[in-house]
Amino acid sequence: MQPVRTHVVDAHEIDVAGISAVLSRFGERIHLVDTTHDADVVLYGVREQQSGHDADLHALLRSHSATVILLGWRATSPQSEWALSCGAHGHLSKTLGGDELVARVERMHRARDRSSGFPEDGHCHPGLRLAGLTPRELEVIGLITQGLTNQEIADRAYISINSVKTYVRTAYRKIGVVRRSQAVSWGVQHGLDVAHDLERAGAPA
Numbered sequence: 001m002q003p004v005r006t007h008v009v010d011a012h013e014i015d016v017a018g019i020s021a022v023l024s025r026f027g028e029r030i031h032l033v034d035t036t037h038d039a040d041v042v043l044y045g046v047r048e049q050q051s052g053h054d055a056d057l058h059a060l061l062r063s064h065s066a067t068v069i070l071l072g073w074r075a076t077s078p079q080s081e082w083a084l085s086c087g088a089h090g091h092l093s094k095t096l097g098g099d100e101l102v103a104r105v106e107r108m109h110r111a112r113d114r115s116s117g118f119p120e121d122g123h124c125h126p127g128l129r130l131a132g133l134t135p136r137e138l139e140v141i142g143l144i145t146q147g148l149t150n151q152e153i154a155d156r157a158y159i160s161i162n163s164v165k166t167y168v169r170t171a172y173r174k175i176g177v178v179r180r181s182q183a184v185s186w187g188v189q190h191g192l193d194v195a196h197d198l199e200r201a202g203a204p205a
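1 is the number of the first residue of the sequence shown in UniProt numbering; add one for each residue after it.
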């Protein structure tokens, strides 16, 4: 069996060095590579203190076919829950010993569902489903998050300015905000600040 080509990503250099040092002891099973593009598996250190959207992880899940496995000290966190909803393939603890870590990486990579992955519309934060927004309301909140005015939203979505105002009112009520700045903050926290995800011509109401 070929070694699993593995790349380690973490906001803390010391964690990258430590995890890489552990994995390097298993050279017949794990081959460390320098970029995500060359990897079969990406081990991604979850930013557990961060409550909002992780743009780097979002981009990784969108654009790479590698098996993405989260690493963290906690059993779960808002970031890991979001990432698993968005197509990450598993979560492992940084407290695991080397043998167990390598065995689980191999097992997760072999067992991953190749048909699963990042949703086509990009909207996979678990909080979005709980909010109960319609596709059009979701589009409007996303465009607000990107900084568009009501008139710009109307032009982008091919709807009237009055329709935009109606969608804004109903969406605000559902997500529990009253001001535009609050809506922007909510959108950023729920991953709606990525323009590519929201560029679609006319969502149904």
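The C-beta atom is built at its ideal place from N, Cα and C for all residues, glycine as well.
Residue i - DSSP class collapsed to helix/strand/coil
{"i": "ARG129", "result": "helix"}
{"i": "HIS12", "result": "coil"}
{"i": "HIS7", "result": "strand"}
{"i": "HIS91", "result": "strand"}
{"i": "GLY97", "result": "coil"}
{"i": "MET1", "result": "coil"}
{"i": "ARG112", "result": "coil"}
{"i": "VAL105", "result": "helix"}
Of the listed residues the options, nearest to residue i (C-alpha basis)
{"i": "HIS190", "options": "VAL168, THR166, SER63, ILE141", "result": "ILE141"}
{"i": "SER80", "options": "LEU57, ARG62, THR95", "result": "LEU57"}
{"i": "PRO135", "options": "ALA157, VAL46, GLY176, VAL41", "result": "ALA157"}
{"i": "VAL184", "options": "GLY147, HIS12, THR166", "result": "GLY147"}
{"i": "PRO78", "options": "GLY18, SER181, VAL46", "result": "VAL46"}
{"i": "TYR44", "options": "ASP15, PHE26, ILE30, SER63", "result": "ASP15"}
{"i": "THR6", "options": "ARG110, VAL102, LEU71, VAL42", "result": "VAL42"}
{"i": "residue 211", "options": "ARG169, VAL9, GLN182, ILE30", "result": "The question about residue 211 has no answer, for the chain in this structure spans 1 to 205."}
{"i": "ALA103", "options": "GLU13, PHE26, THR166, LEU192", "result": "PHE26"}
{"i": "ILE175", "options": "SER181, TYR167, TRP186", "result": "TRP186"}
{"i": "CYS86", "options": "MET108, THR95, GLU48, LEU70", "result": "LEU70"}
{"i": "GLU48", "options": "ASP10, ALA21, ALA66, SER24", "result": "ASP10"}
Below-8 Å beta-carbon distance, residue i vs any chain D residue
{"i": "ALA75", "result": "Absent from the structure is chain D; it holds one protein chain and no more."}
Backbone CA spacing between residue i and residue j [nearest angstrom]
{"i": "ASP38", "j": "VAL178", "result": "46 Å"}
{"i": "SER93", "j": "ARG74", "result": "7 Å"}
{"i": "ASN162", "j": "ALA59", "result": "34 Å"}
{"i": "LEU128", "j": "LEU143", "result": "15 Å"}
{"i": "ARG173", "j": "GLU152", "result": "22 Å"}
Sequence-distant residues of its chain with Cβ nearer than 6 Å to residue i (five each side left out)
{"i": "THR36", "result": "HIS7, VAL42, HIS64"}
Alpha helix (DSSP H) runs contained entirely in the stretch 20 to 87, provided each spans 4 or more residues | Those alpha helix (DSSP H) runs which fall completely within the stretch 20 to 87 and span 4+ residues are 55 to 63, 78 to 85.
Runs of alpha helix (DSSP H) lying entirely within the UniProt domain "HTH luxR-type" (126 to 191), each at least 4 residues, in chain order | Runs of the alpha helix (DSSP H) inside the UniProt domain "HTH luxR-type" (126 to 191): 126 to 131, 135 to 145, 150 to 157, 161 to 175, 180 to 189.
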